[in-house]
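**Q** Starting off with a structure, shown below.
Here you go:
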């Protein structure tokens with residue numbers, strides 16, 4: 047077995063802490079540092095937040111964490127935000143420090159979709175530093191992009207790919223319930239929607255990733271967001287968001303993201319209309335937080351075998 | 047769009063013909079030649095076997111097909127047999143001709159499992175020629191190896207992976223029914239088994255591929271093959287073959303391959319016991335011939351982005 051890869055965890059929110067905890071148990075990785083900008087966390091030992099953590103202090107900057115670790119190279123497990131324009135300076139700093147980056151930033155999963163200039167800059171910097179930058183997670187990063195792309199490798203002459211992720215927010219944390227408008231009145235839901243308060247970050251990125259894997263150019267887009275309602279209930283039970291992209295000759299990618307407390311069951315489903323037709327279903331769905339943690343650790347593990355530059359989950363090998 | 051990649055189809059059995067037909071419809075590939083050793087086929091136009099084929103003659107040797115095509119480089123879609131010791135000379139010849147190889151040879155999906163010396167030779171020749179050799183298909187090549195490996199990227203701390211492929215041979219071609227002993231008496235089944243007449247080629251390769259992706263070393267192996275029986279029926283309804291490999295600390299990979307005319311439904315299922323737990327099921331199963339054809343075309347499409355040498359499906363990127 048090779049020596050474990052040194053990793054620094056940046057961002058100690060709920061997902062970052064789970065990542066640190068799981069990385070500690072991963073024989074292929076070694077946690078050598080942690081970064082958190084919030085002043086009430088910086089300076090404290092990592093073991094205050096993560097059981098069994100090594101004797102390292104949480105640092106307010108990556109440079110300090112790198113200096114502490116004494117390791118040349120390594121990987122930042124970066125989980126500080128969903129929006130690329132806000133986190134891009136952190137990614138650039140990691141490259142300056144000579145580190146690979148595995149990020150949970152949703153918009154970074156296919157950066158060119160919304161931020162072509164930032165994508166070009168990160169790609170140039172990463173190539174120059176001979177490092178890899180990639181973002182992953184369960185969604186975007188797997189269920190609506192890498193996994194249907196993988197399925198599409200055993201079906202040819204594909205006419206459409208439909209992915210449905212159906213979750214019951216009443217079984218999730220309160221912030222998720224709020225994010226999908228559960229228990230709002232229809233009027234409140236409408237106000238929040240108008241204010242840009244809802245919406246899954248990553249649907250566009252997933253559709254673009256999947257299209258890239260299929261070799262398709264999607265030219266016609268339809269995006270919808272509607273409140274979910276249950277019979278004899280006044281309040282909204284959640285939100286259904288759909289994104290459909292079509293090629294000029296009518297082939298389609300359709301992503302259906304439903305977080306609805308009125309659903310009878312949770313599931314994830316992928317339907318490929320091709321030769322052969324494929325219908326795949328995860329019974330009970332996929333628990334997102336743990337799956338995102340796993341996706342980050344796995345990407346870190348295969349970084350040495352991944353191409354340099356700004357990569358995507360489509361570039362990650364399976365070992 | 048890039049220019050289509052030139053491909054030569056080698057082996058015009060049932061799968062080879064399906065591959066040629068599907069390659070003709072693939073905008074990313076261009077069929078420039080065909081090879082078939084059987085004298086009754088060699089010399090005839092490819093269009094005799096495949097509707098809409100270009101005006102090329104089927105040649106008895108690869109060298110002649112390459113000379114015909116006038117294309118420098120390109121890819122052989124190789125489908126002449128399951129056993130590596132028999133087809134290795136053909137792979138070597140393709141490398142001498144400067145071609146990449148995408149093969150359906152089951153033993154080549156993880157050549158080092160049974161043929162370490164041949165694997166080392168092919169790897170050396172392929173690296174020397176700066177070409178890629180890879181074998182794929184639905185099984186081995188996807189359902190029991192690449193797909194569970196992909197799933198394992200969203201679950202950590204994995205304790206076991208179980209894959210079940212359950213097919214009804216009465217809905218398949220006669221050769222498949224014979225291969226799994228359908229409608230034999232129990233005594234006939236036993237005789238055939240003793241003579242080495244049954245058995246899916248590729249279970250070992252799939253288990254080894256999956257273990258490689260998991261980073262596991264399987265040290266303890268259990269292999270079983272039993273006849274399937276139905277109530278009140280004298281004849282065997284098929285064969286159940288299982289292969290289980292365990293690590294020294296008890297983590298397991300279990301592959302269950304059942305071809306049984308008495309099953310109520312066909313399905314493929316993968317169960318990952320990890321964090322999070324995952325249960326995935328293909329309703330109605332996956333039709334193998336078409337899926338293998340698609341897997342070959344997809345591997346050909348991504349060969350330019352795959353590492354050189356003897357590769358596996360774990361090395362294939364998603365685009």
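Residue numbers (the working numbering), protein chains in the order written: chain A, 47 to 365; chain B, 47 to 365. Think of the CB as a built atom: it goes at the ideal place given N, C-alpha and C, for glycine as much as any other residue.
Got a sec? Which residues, its chain only, sit under 6 Å from residue 79(A) by beta carbon, not counting five neighbours each side?
**A** Contacts found: 54, 102, 111, 114 and 115.
**Q** Taking only the alpha-carbon atoms, compute the straight-line gap between residue 152(A) and residue 264(B) and give it to the nearest angstrom.
**A** For residue 152(A) and residue 264(B), the distance between alpha carbons rounds to 36 Å.
**Q** On a Cα-Cα basis, can you pick out the residue from 154(B), 346(B), 361(B) and 304(B) that is closest to residue 72(B)?
**A** It is 346(B).
**Q** Going by other Cβ atoms of all chains shown within 10 Å of its Cβ, with 16 needed for buried, is residue 105(B) buried or exposed?
**A** Label assigned to residue 105(B): buried.
**Q** Exposed or buried, which one is residue 262(A) when buried takes at least 16 other CB atoms within 10 Å?
**A** Result: buried.
**Q** Counting along the chain, where does the alpha helix (DSSP H) carrying residue 220(B) start and finish?
**A** 220-225 is the extent of the alpha helix (DSSP H) around residue 220(B).
**Q** Short of 7 Å in beta carbon distance, which residues of its chain neighbour residue 381(A), apart from the five on each side in sequence? Order them along the chain.
**A** The requested residue 381(A) does not occur in the structure, where chain A is confined to residues 47 to 365.
**Q** What do you reckon, are the CB atoms on residue 70(A) and residue 77(A) nearer than 8 Å?
**A** Yes, the pair counts as a contact, with Cβ atoms nearer than the cut-off.
**Q** Can you tell me which of the three DSSP states residue 262(A) falls into?
**A** The answer is coil: DSSP assigns residue 262(A) none of H, G, I, E or B.
**Q** Which value, in whole angstroms, describes the spacing of the CA atoms of residue 168(A) and residue 355(A)?
**A** Going by the C-alpha atoms only, they are around 8 Å apart.
**Q** Taking the alpha-carbon of residue 362(A) as reference, which of 62(B), 195(B) and 224(B) has the nearest alpha-carbon?
**A** For residue 362(A), the nearest C-alpha among the options comes from 195(B).
**Q** Can you grab the Cα-Cα spacing for the pair residue 178(B) / residue 188(A), in whole Å?
**A** Residue 178(B) and residue 188(A): Cα-Cα distance of roughly 27 Å.
**Q** Might you give, ordered along the chain, the residues of its own chain that have their beta carbon closer than 6 Å to the beta carbon of residue 326(A), omitting 5 neighbours on each side?
**A** The answer, listed in chain order, is 316.
**Q** Counting only Cβ-Cβ distances shorter than 8 Å, please list the residues of the stretch 124-150 of chain A near chain B, keeping chain order.
**A** Listed by position along the chain: nothing, the set is empty.
**Q** Quick one: list the residues of chain B neighbouring residue 344(A), beta-carbon separation under 7 Å, in chain order.
**A** In chain order: 199.
**Q** What ranges does the beta strand (DSSP E) occupy inside the stretch 297-328 of chain B, keeping only unbroken runs of at least 3 residues that lie completely in it?
**A** Here the runs fully enclosed are 298-306 and 313-321.
**Q** Who does residue 352(A) pair with in a DSSP beta bridge?
**A** DSSP lists no partner for residue 352(A).
**Q** State yes or no: is the C-beta of residue 119(A) within less than 8 Å of the C-beta of residue 144(A)?
**A** Their beta carbons are under 8 Å apart, which means residue 119(A) touches residue 144(A) by this criterion.
**Q** Do we get a CB-CB distance below 8 Å when we pair residue 265(A) with the residues of chain B?
**A** No, residue 265(A) lies away from the interface with chain B (no Cβ there is under 8 Å from its Cβ).
**Q** Among 282(B), 266(B) and 278(B), whose alpha-carbon lies nearest the alpha-carbon of residue 291(B)?
**A** Selected option, being the one with the closest Cα: 266(B).
**Q** With distance defined between alpha-carbon atoms, name the residue in 190(B), 137(B), 67(B) and 182(B) nearest to residue 304(B).
**A** Measuring from the Cα of residue 304(B), the nearest candidate turns out to be 190(B).
**Q** Measuring straight from C-alpha to C-alpha, what distance separates residue 83(B) and residue 156(A)?
**A** Going by the C-alpha atoms only, they are around 47 Å apart.
**Q** Under DSSP, the beta strand (DSSP E) around residue 203(B) begins and ends at which residues?
**A** 202-213 is the extent of the beta strand (DSSP E) around residue 203(B).
**Q** Less than 8 Å between the beta carbons of residue 282(B) and residue 360(B), yes or no?
**A** Not in contact: residue 282(B) and residue 360(B) (Cβ atoms no closer than 8 Å).
**Q** Residue 156(A) touches chain B at which residues, Cβ-Cβ below 9 Å?
**A** Those do not exist, as residue 156(A) stays about 12 Å from chain B at its closest Cβ, beyond 9 Å.
**Q** So is residue 227(A) buried or exposed if we call it buried at 16+ other beta carbons inside 10 Å?
**A** Its Cβ being crowded by 16 or more others within 10 Å, residue 227(A) is buried.
**Q** Going by C-alpha to C-alpha distance, which of 142(A), 117(A), 193(A) and 275(A) sits closest to residue 176(A)?
**A** The shortest Cα separation from residue 176(A) among 142(A), 117(A), 193(A) and 275(A) belongs to 142(A).
**Q** Run through chain A and tell me which residues come within less than 7 Å of residue 329(B), C-beta to C-beta.
**A** Chain A residues near residue 329(B): 325 and 327.
**Q** Just to confirm, is the Cβ distance from residue 149(B) to residue 137(B) under 8 Å?
**A** In this structure, residue 137(B) lies closer than 8 Å to residue 149(B) by Cβ.
**Q** So, do the stretch 196-215 of chain B and the stretch 306-315 of chain B have three or more beta carbon pairs nearer to each other than 8 Å?
**A** Taking 8 Å as the limit for Cβ pairs, the verdict is that the stretch 306-315 of chain B does touch the stretch 196-215 of chain B.
**Q** If you draw a straight line from the C-alpha of residue 295(A) to the C-alpha of residue 241(B), how long is it?
**A** If I take the Cα positions, the gap works out to 54 Å.
**Q** With 16 other CB atoms within 10 Å as the buried threshold, where does residue 52(B) fall?
**A** Counting Cβ neighbours within 10 Å, residue 52(B) comes out buried, since at least 16 surround it.
**Q** Does the beta carbon of residue 293(B) come closer than 8 Å to any beta carbon on chain A?
**A** Not an interface residue.
**Q** Of all the residues that make up the stretch 244-259 of chain A, which are near chain B by a beta-carbon distance shorter than 7 Å?
**A** Under the 7 Å Cβ criterion, the stretch 244-259 of chain A contributes 258 and 259.
**Q** Verify whether the separation of the beta carbon atoms of residue 139(B) and residue 92(B) is less than 8 Å.
**A** Cβ distance not < 8 Å, so residue 139(B) and residue 92(B) don't count as in contact.
**Q** Using the DSSP secondary-structure output, state which residues sit across from residue 178(B) in a beta bridge.
**A** 355(B).
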